[in-house]
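Here is the structure we will look at, set down as C-alpha coordinates.
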Amino acid sequence: MTRDPRSSFRAALARTCLGLCGLGLVACAPLPDIAKATAARTSPDSFTGPAPVLVPIDGILAQADALGTGAGSVAPVTARADRLRARADRLRRD
2 MTRDPRSSFR AALARTCLGL CGLGLVACAP LPDIAKATAA RTSPDSFTGP
52 APVLVPIDGI LAQADALGTG AGSVAPVTAR ADRLRARADR LRRD
(Lines of atoms letter the chains of each structure in order from A and count residues from 1; the text may use other names and numbers.)
(Lines give C-alpha, C1' and ligand atoms only; values in the text may rest on other atoms or scores of the structure.)
Protein backbone atom coordinates (compact mmCIF):
# COMPACT_ATOMS: atom_id res chain seq x y z
CA MET A 1 0.00 0.00 0.00
CA THR A 2 1.52 3.30 -1.09
CA ARG A 3 0.78 6.73 0.25
CA ASP A 4 -0.79 9.37 -1.89
CA PRO A 5 1.86 12.03 -2.75
CA ARG A 6 -0.71 14.74 -2.09
CA SER A 7 -1.25 13.58 1.50
CA SER A 8 2.52 13.63 2.12
CA PHE A 9 2.66 17.14 0.74
CA ARG A 10 -0.29 18.22 2.88
CA ALA A 11 1.29 16.72 5.99
CA ALA A 12 4.56 18.50 5.30
CA LEU A 13 2.70 21.74 4.63
CA ALA A 14 0.73 21.37 7.87
CA ARG A 15 3.93 20.75 9.87
CA THR A 16 5.57 23.77 8.27
CA CYS A 17 2.57 26.01 9.00
CA LEU A 18 2.38 24.83 12.60
CA GLY A 19 6.10 25.43 13.01
CA LEU A 20 5.85 28.95 11.59
CA CYS A 21 2.84 29.74 13.79
CA GLY A 22 4.72 28.50 16.84
CA LEU A 23 7.77 30.54 15.90
CA GLY A 24 5.60 33.62 15.39
CA LEU A 25 3.99 33.13 18.79
CA VAL A 26 7.36 32.85 20.50
CA ALA A 27 8.76 35.83 18.60
CA CYS A 28 5.92 38.04 19.83
CA ALA A 29 6.43 37.15 23.49
CA PRO A 30 7.44 40.05 25.74
CA LEU A 31 11.10 40.06 26.70
CA PRO A 32 12.19 40.80 30.28
CA ASP A 33 13.88 44.12 30.97
CA ILE A 34 17.36 42.80 31.70
CA ALA A 35 18.89 46.22 32.34
CA LYS A 36 16.27 47.06 34.95
CA ALA A 37 16.65 43.69 36.69
CA THR A 38 20.44 44.01 36.74
CA ALA A 39 20.28 47.56 38.11
CA ALA A 40 17.91 46.42 40.85
CA ARG A 41 20.32 43.66 41.91
CA THR A 42 23.40 45.88 41.90
CA SER A 43 22.00 49.03 43.48
CA PRO A 44 23.38 49.95 46.91
CA ASP A 45 19.88 49.60 48.38
CA SER A 46 19.72 45.93 47.43
CA PHE A 47 22.62 44.97 49.69
CA THR A 48 21.18 44.25 53.11
CA GLY A 49 23.94 42.24 54.73
CA PRO A 50 27.39 43.23 55.89
CA ALA A 51 30.10 43.87 53.36
CA PRO A 52 32.18 40.81 52.47
CA VAL A 53 35.51 40.41 54.21
CA LEU A 54 38.36 40.79 51.75
CA VAL A 55 41.35 38.59 52.37
CA PRO A 56 44.75 40.01 51.42
CA ILE A 57 46.38 37.84 48.79
CA ASP A 58 49.93 39.04 49.32
CA GLY A 59 50.51 36.18 51.77
CA ILE A 60 49.12 33.63 49.34
CA LEU A 61 51.39 34.92 46.58
CA ALA A 62 54.39 34.86 48.93
CA GLN A 63 53.61 31.24 49.87
CA ALA A 64 53.35 30.23 46.22
CA ASP A 65 56.65 31.92 45.50
CA ALA A 66 58.30 30.27 48.53
CA LEU A 67 57.14 26.82 47.45
CA GLY A 68 59.25 27.17 44.36
CA THR A 69 56.47 27.37 41.84
CA GLY A 70 57.62 28.82 38.58
CA ALA A 71 57.20 32.48 37.83
CA GLY A 72 55.05 31.46 34.88
CA SER A 73 52.42 29.96 37.15
CA VAL A 74 52.48 32.87 39.62
CA ALA A 75 52.40 35.60 36.94
CA PRO A 76 48.71 35.11 35.93
CA VAL A 77 47.64 35.27 39.57
CA THR A 78 49.70 38.40 40.13
CA ALA A 79 48.27 39.98 36.99
CA ARG A 80 44.72 39.19 38.09
CA ALA A 81 45.46 40.60 41.55
CA ASP A 82 46.72 43.82 39.97
CA ARG A 83 43.58 44.09 37.84
CA LEU A 84 41.37 43.50 40.89
CA ARG A 85 43.25 46.14 42.87
CA ALA A 86 42.83 48.63 40.02
CA ARG A 87 39.11 47.83 39.82
CA ALA A 88 38.73 48.29 43.58
CA ASP A 89 40.45 51.66 43.33
CA ARG A 90 38.07 52.71 40.53
CA LEU A 91 35.05 51.60 42.56
CA ARG A 92 36.25 53.54 45.59
CA ARG A 93 36.56 56.70 43.48
CA ASP A 94 33.02 56.38 42.08
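With our numbering applied, the sequence shown covers 2 to 95.
Just so you know, even glycine gets a beta-carbon here, dropped at the ideal spot from N, CA and C.
DSSP state of residue i mapped onto helix, strand, coil
{"i": "Ile61", "result": "helix"}
{"i": "Ala30", "result": "coil"}
{"i": "Pro77", "result": "helix"}
{"i": "Ala52", "result": "coil"}
{"i": "Asp95", "result": "coil"}
{"i": "Leu68", "result": "coil"}
Reference residue i; option with closest CA among the options
{"i": "Leu55", "options": "Gln64, Leu85 and Asp95", "result": "Leu85"}
Whether residue i touches residue j by CB criterion (8 Å)
{"i": "Leu62", "j": "Ala82", "result": "yes"}
{"i": "Val75", "j": "Asp66", "result": "yes"}
Close beta carbons around residue i, own chain, < 7 Å, minus the five adjacent residues each side
{"i": "Gln64", "result": "none"}
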